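Student: Okay, handing you the structure first.
Numbering (mature numbering (1 follows the signal peptide of the UniProt record, and there is no 0)), first residue to last: -29 to -1, 1 to 299.
In C-alpha cells:
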C-alpha cells in the first residue's frame, strides 16, 4: 500500500514537472506582448507595429511581438501590473498614466508649454525628459523612448470660444490631477471616460465636450457627434515606450543593444509621423464635417499660467523640464 502510494506520488511529481517544462517551452515559443490604449489608426499603433516588424527582422525571427491596441490587454494600470510581473514585455503608455507612478511625467501636461508637436518632440531629448524615463526602473519598467500624438484641443456640442463657454460643462478628460486642475480652472467639470464610451455619451448629452487629440478624433470620428472644434492647442500628449524590467534584466547585452536600436529608430520615425499627422488630421477632420471655431486663445493661456505655476513649484524635475522646454 505504502509503496504504491510512493509510486503514485513520484508519477504525479514527474507529470507536474513535465507539464511545467512543456509550459515553459510553449511560453518561449509564444510572441512577446506589446499593449497600448489607442485605436489601430493612431500613430502610437503605427510606432508599435514598426517596433514589432523591425525587431522580428533584426533578430532573425527570434523575437516576435503581438501588438494589442485599444487596451485589449487591460487598462494602463492593469498593463503596468502585467509588465511588472514580466507577463507583458513591451508597452506604449501615456505619460498621464505613468505619472501615477512617477509624478514628474506630469510635466508633459503643463498647459501651453509647447508651440506644436515638433517643439514637443525636441523636448523629448532634454535631460529632464530622459531622467523621467530612468526613474521608471523603480516601478518595474525600463523607459527607452517616447511617442507622440497630436496637440490637444476641445471638441464640443456647442461652440466654445473662451473659458466662459465651458462653465459647468462636462468635458471628457484624461484621468490625471493636472487635467482635472486645468479644466476646473476653466470652469468645466472634468469627466473620466474610456474612449469607447465617448461617442455614445456625446449622443445622449451626458458629455458636452471632449479634450482630444486629432489622431483620436479622426480615428474614432467624435466630430460626427460633436462638430465644433476649438483649436486650443493647450497640451502635448506623448507616451513613453517601455519594456518590462523583469524581462529586460534577463536579456543579454547584445539583445538589449538590438532592442534599443529598434526602439530608437521607431521613436525617430514616430516623431516625423506625428508631426505630419497633426497637419493632415486637421484637414481630414474639416473635410469630414468638423467646424473650426474662432476662439480667444489668450484667455485660455492666462488660465494655463496658474496651473503651470502650481506644478513647477511642487516638483523640481517638473520645473527643470519646463525651463529646458522653453529654452528650445
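Even for Gly, the Cβ is constructed at its ideal location relative to N, Cα and C. Computed from a predicted model, the values in this text were never measured in an experiment.
Check the DSSP bridge columns for residue 103 and list the partner residues they point to.
Tutor: Beta-bridge pairing links residue 103 to no other residue.
Student: Bridge partners for residue 59 per DSSP, in chain order?
Tutor: Bridge partners of residue 59: none, in fact.
Student: Return the residue from the list 139, 51, 135, 198 that minimises the CA-CA distance to residue 257.
Tutor: 198
Student: Residue 179 and residue 127 look like a contact to me (Cβ under 8 Å); what is the Cβ gap, rounded to whole Å?
Tutor: 6 Å
Student: At what residue ranges does the segment 11 to 73 contain a whole run of the alpha helix (DSSP H), taking only runs of 4 or more?
Tutor: Counting only runs that start and end inside the segment 11 to 73, the alpha helix (DSSP H) elements of at least 4 residues fall at 14 to 29, 47 to 56, 66 to 69.
Student: Can you tell me the Cα-Cα spacing of residue -3 and residue 160, whole angstroms?
Tutor: In this prediction, residue -3 scores a pLDDT of 37, lower than 50, which makes its location untrustworthy; the coordinate-derived value is nonetheless stated afterwards. Approximately 46 Å, taken between the alpha carbons.
Student: Exposed or buried, which one is residue 168 when buried takes at least 16 other CB atoms within 10 Å?
Tutor: By the 10 Å Cβ count, residue 168 comes out exposed.
Student: Which of the three DSSP states is assigned to residue 135 in this structure?
Tutor: helix
Student: If I measure Cβ to Cβ from residue 157 and keep anything under 8 Å in the same chain, skipping five residues before and after, which residues do I get?
Tutor: 134, 137, 271, 274
Student: With distances taken between CB atoms, is the gap from residue 18 to residue 118 smaller than 7 Å?
Tutor: yes
Student: Report buried or exposed for residue 233, applying the criterion of at least 16 other Cβ atoms within 10 angstroms of its Cβ.
Tutor: buried
Student: Is it the case that the segment 40 to 48 contacts the segment 201 to 210, given that we only count it when at least three CB pairs across the two stretches are under 8 Å?
Tutor: no
Student: When you compare only the Cα positions, how much space is there between residue 290 and residue 149?
Tutor: 14 Å
Student: Measuring CA to CA, which of 281, 214, 192, 225 is closest to residue 255?
Tutor: Looking at the Cα atoms, 192 is the closest of the given residues.
Student: Let me know the secondary structure DSSP gives residue 298 once reduced to three states.
Tutor: coil
Student: Inspect the beta-carbon positions of residue 76 and residue 70 and report whether they are closer than 7 Å.
Tutor: yes
Student: Run the CB neighbour count on residue -1, radius 10 Å, all protein chains shown included, and call it buried at 16 or more, exposed below.
Tutor: For residue -1, the pLDDT reaches just 45, beneath the cut-off of 50, and the residue's location in the model is therefore unreliable, leaving the point undetermined.
Student: Are residue 38 and residue 5 touching if we call contact CB-CB under 7 Å?
Tutor: yes
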